[in-house]
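Residue numbers (UniProt numbering): 1 to 450. Please read the structure below before turning to the comments.
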């Protein structure tokens, strides 16, 4: 596919080459700066381009460099580190959100072009998982925080995950780390569309939110909050069983503040095993009609809500998604949003693998950890060894050409190199009762039995 050095990287580190090519097409400097000028609000450009901010912070997010300062030292930014931090502080939340949406839309086109999307869990519906994420406490570098004994939370976000495309479709960042997740539902409601099926935990069981989805022609499966106002119209009746327990159903009436009434369904699952919070019963509320999905199907779809929890775990384990040296909320949330952007680029790579290896169970066998490690270990050397002109072809490539390239490279990937290492069931911890009261022991003596 390539000549010279780049071909060696394509042979030995195909994942890193695919991600670098995607960065060149979706986030190349010229295109990104033009996008920023069209999208920006109050922020302006002087010495530091928006593309330079993205480039520096992506190096940290992808673990190519350990810190913002280290990435800055390797960059060509002709401004001070103080100016860089000031610029990061000034990135508006609307810009961070728009960047995630922009890359999500571009990534979705590539995944669909690759035919690498998963089949929908419920045909005819776009399943979207909604959950909140609180950015971890930052270091107390800011002067107002230095005397604080309490942890400083730089913000939180609501994240929307697309089940079929396996990527983050949207984000709703908030600078107030103490804000209730429910307070952010207004902007989410504005994005609801007919044909959506929203799946969320009980934090989002808010009557106004559910009514907005009903009126927009969307559907929902939401875990019921204890204070949710609904009137049972019949007794619970058993309708089947799921892998997690017996399933019951009843019709309920919900009354809007305007007096309008709706007949929805209430699904109850009596769990075989209690949840980590000690709950033995799971109650769901849905407006899906019975002809669209049986109660057991609804229970199974809700069980897949953990997909978004898994996505958060991948962000934390494989990427530097929460940079705790960034104390200002705008900078910290910009870093988190760039981690979502990187996650979506990985999603395109995984879609290419699914399309190129249709008989391999990519989702179960390929580890995102090894892909992330390959990128972190290879990117800097590849950037040094490969001339920038070699990547220009990807900046000007069409979506069709890009899909052809990704499929070609993915078809030559040795899946064994990225295979997950599965371990057996965890064993109970061994009680540590020997040598109590001793500060230390000699390993050699213990092994020798003396």
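Cβ coordinates follow ideal geometry from the N, Cα and C atoms, glycine included.
Coarse secondary structure for residue i, derived from DSSP in three states
i           : result
residue 124 : coil
residue 172 : strand
residue 183 : helix
residue 63  : coil
residue 235 : coil
residue 508 : Within the shown structure, residues of the chain are numbered from 1 to 450, placing residue 508 beyond reach of any answer.
residue 5   : helix
residue 437 : coil
residue 13  : coil
residue 240 : strand
residue 467 : The structure shown does not extend to residue 467, since the chain is modelled only from 1 through 450, so no value can be given for it.
residue 53  : helix
residue 211 : helix
residue 23  : helix
Continuous alpha helix (DSSP H) stretch holding residue i: start and end
i           : result
residue 342 : 329-356
residue 100 : 93-114
residue 86  : 81-89
residue 36  : 29-39
residue 73  : 68-74
residue 448 : 443-448
Alpha-carbon spacing of residue i relative to residue j, whole angstroms
i           : j           : result
residue 267 : residue 447 : 57 Å
residue 119 : residue 112 : 12 Å
residue 400 : residue 272 : 49 Å
residue 156 : residue 171 : 10 Å
residue 417 : residue 346 : 16 Å
residue 283 : residue 364 : 29 Å
residue 218 : residue 265 : 15 Å
residue 413 : residue 199 : 34 Å
residue 440 : residue 449 : 16 Å
residue 338 : residue 209 : 28 Å
residue 290 : residue 394 : 48 Å
residue 409 : residue 26  : 18 Å
residue 324 : residue 295 : 43 Å
residue 32  : residue 128 : 27 Å
residue 165 : residue 146 : 43 Å
residue 299 : residue 281 : 12 Å
residue 471 : residue 255 : Residue 471 is absent from the structure shown; the chain starts at 1 and stops at 450.
residue 309 : residue 143 : 34 Å
residue 360 : residue 158 : 33 Å
residue 97  : residue 342 : 14 Å
residue 426 : residue 65  : 34 Å
residue 379 : residue 21  : 11 Å
Continuous beta strand (DSSP E) stretch holding residue i: start and end
i           : result
residue 390 : Segment: none, residue 390 is in no beta strand (DSSP E) and carries neither H nor E.
residue 264 : 261-271
residue 204 : Unbroken run through residue 204: none, as it is neither H nor E.
residue 223 : 219-223
residue 250 : 245-255
Which listed residue (the options) has its alpha carbon closest to that of residue i
i           : options            : result
residue 184 : 203, 199, 194, 198 : 203
residue 344 : 60, 104, 437, 263  : 104
residue 107 : 402, 371, 210, 380 : 402
residue 261 : 241, 233, 367, 245 : 233
residue 193 : 168, 176, 55, 220  : 220
residue 182 : 431, 207, 198, 196 : 207
residue 136 : 290, 328, 247, 209 : 328
residue 257 : 277, 389, 238, 229 : 229
residue 43  : 411, 342, 330      : 330
residue 520 : 191, 241, 263, 143 : One cannot answer for residue 520 here, as it falls past the ends of the chain, which runs 1 to 450.
residue 252 : 227, 244, 276, 287 : 287
residue 223 : 238, 201, 215      : 201
residue 351 : 205, 213, 60, 404  : 404
residue 285 : 214, 407, 276      : 214
residue 48  : 302, 169, 77, 4    : 77
residue 371 : 19, 188, 150, 115  : 19
Whole alpha helix (DSSP H) runs in the segment 281-318 with 4 or more residues, listed along the chain?
-> 295-303, 306-318
Complete runs of the beta strand (DSSP E) confined to the segment 126-163 [at least 3 residues] | 126-134, 156-162
What are the start and end residues of each continuous alpha helix (DSSP H) run of 4 or more residues lying completely inside the segment 357-427, in chain order?
-> 362-365, 368-385, 392-395, 399-411
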